[in-house]
Amino acid sequence: MSRAIYPGSFDPVTLGHLDIIKRSAAMFDEVIIGVLNNTLKSPLFSLEERVNMLNEVISDIPNARAVSFDGLLVEFARQNDIKVIVRGLRAVTDFEYELQMAQSNRKIAPEIDTVFLTTNIEYSYLSSSIVKEYASYGVDVSELVPEYVSSALKNKMNIDK
Ligand code: PNS
1041 MSRAIYPGSF DPVTLGHLDI IKRSAAMFDE VIIGVLNNTL KSPLFSLEER
1091 VNMLNEVISD IPNARAVSFD GLLVEFARQN DIKVIVRGLR AVTDFEYELQ
1141 MAQSNRKIAP EIDTVFLTTN IEYSYLSSSI VKEYASYGVD VSELVPEYVS
1191 SALKNKMNID K
């Protein structure tokens, strides 16, 4: 059975992420979306909210599920018998950071490979940060994120104001 992990912060999940999840789910038997519990970043959405949002928007993808993880990605992958890490590449600006991460991970876990999927051109400019910034100014982000996330953003911005 082929099992891959798509790791990230997903603060929040965008349509670009969702596109990568769908395409990965067509390539592997099981795709685990690993949501990082990063104590160094202060996310807009809590870890639980990010995992719940993801599970909501992937509910129609039977072989994908979101879970949280902390610590080293490759350790989590080993513990869960995952041999492939999936990452999306939007533009050449992503490449340096992604290559460094893939090489470092492979150095300490040579049995785990990183596979890059090029982001759909439609979403090549899109990031969670841009979505959050737009939403904070009241811009409609319904074409950038799943509907569920768009509502969650509206609630979050109103609550926090
Ligand atoms: O969505 P992001 O923030 O670009 O995702 C980055 C992520 C979660 C893939 C990366 O920070 C990560 O794997 N963190 C876990 C800790 C780890 O394994 N670090 C070594 C990476 S070289």
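My numbering numbers the first residue of the sequence shown as 1041 and each following residue consecutively. Beta carbons: idealized from backbone N, C-alpha and C, even for Gly.
**OP:** Could you tell me which uninterrupted beta strand (DSSP E) segments, each at least 3 residues in length, are contained entirely in the stretch 1055–1111, listed from first to last along the chain?
**Re:** 1070–1076 and 1104–1109
**OP:** Compute the Euclidean distance between the alpha carbons of aspartate 1121 and arginine 1130, then round it to the nearest angstrom.
**Re:** 28 Å
Original post:
Which stretch, first to last residue, makes up the alpha helix (DSSP H) that contains tyrosine 1137?
Top reply: 1132–1148
Original post:
Residues near the ligand PNS, CB to any non-hydrogen atom under 5 Å, in chain order?
Top reply: Pro1047, Gly1048, Ser1049, Leu1076, Leu1112, Leu1113, Met1141 and Ser1144
**OP:** Could you tell me the boundaries of the beta strand (DSSP E) in which valine 1126 lies?
**Re:** 1124–1129
**OP:** Would you check if the distance between the CB atom of alanine 1044 and the CB atom of valine 1124 is smaller than 8 Å?
**Re:** yes
Subject >> CB contact flag (asparagine 1160, aspartate 1059, <8 Å) >> reply: yes
Original post:
Should proline 1047 and leucine 1112 be called a contact, given that it needs their Cβ atoms to be closer than 8 Å?
Top reply: no
Subject >> From Tyr1174, Glu1151 and Arg1105, residue whose alpha carbon lies closest to that of alanine 1065 >> reply: Arg1105
Original post:
Grouping DSSP H, G and I as helix and E and B as strand, with all else coil, what is tyrosine 1205?
Top reply: Residue 1205 cannot be examined here, being either before or after the span of the chain that is shown, 1041 to 1201.
Subject >> Beta-ladder partner(s) of arginine 1043, from DSSP >> reply: Glu1070
Original post:
For glutamate 1089, which option in Glu1070, Leu1184, Glu1183 and Leu1076 has the closest C-alpha, if you only look at C-alpha atoms?
Top reply: Leu1076
Original post:
Since valine 1114 is in the alpha helix (DSSP H), which residue starts that stretch and which ends it?
Top reply: 1113–1119
Original post:
By how many angstroms is the C-alpha of methionine 1141 removed from the C-alpha of lysine 1172?
Top reply: 25 Å
Original post:
Using the C-alpha atoms, what's the distance from lysine 1147 back to leucine 1094?
Top reply: 30 Å
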